[in-house]
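S.K.: Residue numbering for the sequence shown follows my numbering, starting at 662 and increasing by one per position.
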Amino acid sequence: MDFSLSSEQNLIYATAKDFGKQAIAPYVAKWENDEEIPREVLKSAGELGFAAMYVAEEDGGSGLTRLDATLVFEALALACPSVSSFISIHNMCAWMISKNGTDKLKEKYLKPLLNLSKICSYCLTEPGSGSDAAALTSSAKRTNEGYKLNGTKAFTSGGGFSDLYIIMARSGEYGPKGISAFIVEYRNPGISFGKKEKKMGWKAQPTAQVDLTDCFIDSEELLGEEGKGFYYAMQGLDGGRLNIAAAALGGAQRALEIALDYTKTRSAFGKTLNSFQSLQFRLADMETNLQSARIFLRQAAWKVDTNQKDASVFCAMAKRLVTDVAFEVANDALQLLGGYGYLEAFGIEKIVRDLRVHQILEGTNEIMRVIIARSLIEN
662 MDFSLSSEQN LIYATAKDFG KQAIAPYVAK WENDEEIPRE VLKSAGELGF AAMYVAEEDG
722 GSGLTRLDAT LVFEALALAC PSVSSFISIH NMCAWMISKN GTDKLKEKYL KPLLNLSKIC
782 SYCLTEPGSG SDAAALTSSA KRTNEGYKLN GTKAFTSGGG FSDLYIIMAR SGEYGPKGIS
842 AFIVEYRNPG ISFGKKEKKM GWKAQPTAQV DLTDCFIDSE ELLGEEGKGF YYAMQGLDGG
902 RLNIAAAALG GAQRALEIAL DYTKTRSAFG KTLNSFQSLQ FRLADMETNL QSARIFLRQA
962 AWKVDTNQKD ASVFCAMAKR LVTDVAFEVA NDALQLLGGY GYLEAFGIEK IVRDLRVHQI
1022 LEGTNEIMRV IIARSLIEN
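1. For GLU806, which residues from the same chain have a beta carbon less than 8 Å from its beta carbon, with the 5 sequence-adjacent residues on both sides left out?
2. May I ask you to report which of helix, strand or coil DSSP gives MET861?
3. Once the 5 residues before and after ILE685 are set aside, which same chain residues still bring their CB inside 6 Å of it?
4. Residues bridged to ALA817 by DSSP?
5. Give me the Cβ distance between LEU873 and LEU797, rounded to the nearest whole Å; I'm assuming they're in contact under 8 Å.
6. Quick check: is the beta carbon of ALA706 nearer than 8 Å to any beta carbon in chain B?
7. Would DSSP call MET757 helix, strand or coil?
8. For THR967, which three-state DSSP category applies?
9. Once you ignore the five residues that flank GLY1008 on each side, which residues in its own chain have a CB closer than 7 Å to its CB?
10. Where do the N-terminal and C-terminal ends of the beta strand (DSSP E) with PHE854 fall, by residue?
11. Taking the alpha carbon of ALA894 as the point to measure from, which residue in ALA755, GLU693, ARG803, LEU774 has its own alpha carbon closest?
12. Using 8 Å as the threshold, is the C-beta distance between SER823 and TYR847 below it?
13. Strictly by DSSP, which residues pair up with GLU787?
14. Report the CB separation of ALA987 from ALA913 in whole angstroms; it is logged as a contact under 8 Å.
15. Spell out a yes or no on whether the segment 955-964 and the segment 972-984 are touching, meaning 3 or more CB-CB pairs, one atom from each, closer than 8 Å.
16. Do SER730 and ASN904 have their CB atoms nearer than 8 Å?
17. Where do the ends of the beta strand (DSSP E) carrying LEU825 lie?
18. Helix, strand or coil for GLU693, going by three-state DSSP, please let me know.
19. My assumption, with CB atoms under 8 Å, is that GLU735 sits in contact with ALA907. Please give the rounded CB distance.
20. At the level of alpha carbons, what is the spacing between GLY681 and THR817?
21. Using a 10 Å radius around the Cβ and a threshold of 16 neighbouring Cβ atoms, would you call GLN938 buried or exposed?
22. Relative to the alpha-carbon of ASP966, which residue among GLY839, LEU725, MET829 has its alpha-carbon at the smallest distance?
23. Can you list the alpha helix (DSSP H) stretches of 4 or more residues lying completely in the segment 665-710, in chain order?
24. Applying the criterion that 16 or more other CB atoms from any shown protein chain within 10 Å of the CB defines a buried residue, is ASP720 buried or exposed?
25. From what residue to what residue does the beta strand (DSSP E) around ARG803 run?
26. Rounded to whole angstroms, what is the Cα-Cα separation between GLY1000 and ALA690?
27. By the three-class DSSP mapping on this structure, what secondary structure does ASP764 have?
28. Would you kindly work out how many angstroms separate the C-alpha atoms of ILE840 and LEU917, rounded to a whole number?
29. Mark GLY931 as exposed unless 16 or more other C-beta atoms lie within 10 angstroms of its C-beta, in which case mark it buried.
30. Identify whether GLY836 lies in helix, strand or coil by the three-state DSSP scheme.
31. Spell out a yes or no on whether the segment 1008-1019 and the segment 860-867 are touching, meaning 3 or more CB-CB pairs, one atom from each, closer than 8 Å.
Here's what the structure looks like:
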């Protein structure tokens, strides 16, 4: 069993870290105020191969493994977890189209996603169905030419900003088997967007409600097979949970680094903070917990890459463990800085705000526990 990264993987991580340091970190405060990431920055990330990382090479993607992708998202999150996560959602959408779309659909929609010339958003959650996602009520009624979509999607990252939207809507019976997935363009008549949500964190990326009112689409905009949309959505979320966990890990790592630097220079009672054993113990626990979470995340990614039968459960476990640990480490790092940790200038309060939502999205950590417990009981 070899836990070391290959030279190629180390290069992937270093490339993403360097990009984040130069192209993201110096500007995140402005982007938070603007509530938007500049498209040219996203295109620059796409030019490095970060737009369709685990899309197969035959479809024009980078053909990286899920483990490789976690390295990128962890490294980008050292600069900003919000930006890293936004790019991760786009990657999940690109993979869903590559995995399930027809050649014609890929030619039309996937190609511009491969380098982030266009951006894609994922629309599953609704105002009345969050954790119980299969209870969604957005409808897709058949027409002579295709489908008529009606409904509302909530908490959409990129809502009103992205060019394409993968919409999960009910085309059949109640429950997961009646849900299909569709691709809707930003300019399509019948799609509109609410105002930008005012959020605790993830301020650098726009979030808005997506409204569908008699939104007519051609039958060719159906992604994959009718009735398989919920299955595709859950497939996408396996990788999505790894990505969100990786971004949380990167954010927490940066918070620990800030705290370490601070305790080396800040003095109290005649000595530096890192001289106090109680604080040394806290730092030791933070490092140990991050390292443990990182190993578990990479094991879960390996299980997806090697098609292990328990991969989905390990993705749920990794998402739960890593995001909980990451938030705790970031919060502890803020505490180590005392009042300075609460100030924007030191960078930790943003990380804490950003990482809180990682325990909620891509399936709440309570739902992750349901998935894990169910697998234990059924086996």
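Glycine included, C-beta positions come from ideal geometry on N, C-alpha and C. All values reported here derive from a predicted model rather than from experimental measurement.
M.R.: Looking at the coordinates:
1. Position 145 of the sequence shown, counted from the start, is the residue given in the question as residue 806. These residues qualify, in order along the chain: PHE877, ASP879, SER880.
2. Here residue 861 refers to the residue found at position 200 of the sequence shown. Looking at MET861 - three-state DSSP - the assignment turns out to be coil, as it is neither helix nor strand.
3. Looking up residue 685 in the sequence shown gives position 24. So the qualifying residues of the chain are ALA740, CYS741, VAL744.
4. Along the sequence shown, one-based indexing puts residue 817 at 156. The residue you asked about is not Ala; residue 817 is Thr in the sequence shown. The partner list for THR817 (beta bridge, DSSP) reads ALA869.
5. Reading the sequence shown from its first residue, position 212 is the one you call residue 873. Reading the sequence shown from its first residue, position 136 is the one you call residue 797. Incorrect: roughly 12 Å between the Cβ atoms, too far for contact.
6. The structure shown contains no chain B; it is built from a single protein chain.
7. In the sequence shown, the residue the question calls residue 757 occupies position 96. Helix.
8. Within the sequence shown, numbered from 1, the residue matching residue 967 stands at position 306. Residue state, collapsed to three classes: coil.
9. Locating residue 1008 in the sequence shown gives position 347, where the first residue counts as 1. The answer, listed in chain order, is ILE919.
10. Here residue 854 refers to the residue found at position 193 when the sequence shown is read from its first residue. PHE854 -> beta strand (DSSP E) spans 852-854.
11. Taking the first residue of the sequence shown as 1, we reach residue 894 at position 233. Nearest C-alpha to ALA894: ALA755.
12. Translated into positions along the sequence shown, residue 823 becomes position 162. Translated into positions along the sequence shown, residue 847 becomes position 186. Yes, Cβ-Cβ distance for SER823 and TYR847 is below 8 Å.
13. On the sequence shown, position 126 is the one that residue 787 refers to. In DSSP, GLU787 forms a bridge with SER790.
14. For the purposes of this step, residue 987 is identified with residue 326 of the sequence shown, where counting begins at 1. For the purposes of this step, residue 913 is identified with residue 252 of the sequence shown, where counting begins at 1. Indeed they touch by this definition, with Cβ atoms about 4 Å apart.
15. yes
16. Position 69 of the sequence shown, counted from the first residue, corresponds to residue 730. Position 243 of the sequence shown, counted from the first residue, corresponds to residue 904. Inspection of the sequence shows that residue 730 is occupied by Ala rather than by Ser. Result yes, Cβ atoms of ALA730 and ASN904 sit closer than 8 Å.
17. Reading the sequence shown from its first residue, position 164 is the one you call residue 825. Element bounds for LEU825: 825-831.
18. The count along the sequence shown starts at 1 and reaches residue 693 at position 32. DSSP places GLU693 in helix when its eight states are reduced to three.
19. To locate residue 735, count along the sequence shown from 1; it is residue 74. To locate residue 907, count along the sequence shown from 1; it is residue 246. Contact flag correct, Cβ pair sits at about 4 Å.
20. Your numbering for residue 681 matches position 20 in the sequence shown. Your numbering for residue 817 matches position 156 in the sequence shown. Spanning the two alpha carbons is a distance of roughly 24 Å.
21. Indexing the sequence shown from 1 puts residue 938 at position 277. That one is exposed.
22. Along the sequence shown, one-based indexing puts residue 966 at 305. If we check each option's Cα against that of ASP966, LEU725 comes out closest.
23. 668-680, 689-695, 700-708
24. Residue 720 sits at position 59 when you count from the first residue of the sequence shown. Answer is buried; the Cβ neighbour count reaches 16.
25. The count along the sequence shown starts at 1 and reaches residue 803 at position 142. Note, ARG803: beta strand (DSSP E), 800-803.
26. Numbered from its first residue, the sequence shown carries residue 1000 at position 339. Numbered from its first residue, the sequence shown carries residue 690 at position 29. Between GLY1000 and ALA690, the C-alpha separation is close to 20 Å.
27. As a working note, residue 764 is residue 103 in the sequence shown. Helix.
28. The sequence position of residue 840 within the sequence shown is 179, counting from 1. The sequence position of residue 917 within the sequence shown is 256, counting from 1. Using only the alpha carbons, I get a separation of about 43 Å.
29. Translated into the one-based positions of the sequence shown, residue 931 becomes position 270. Per the 10 Å Cβ criterion, exposed.
30. Locating residue 836 in the sequence shown gives position 175, counting from the first residue. Correct three-state label for GLY836: coil.
31. yes
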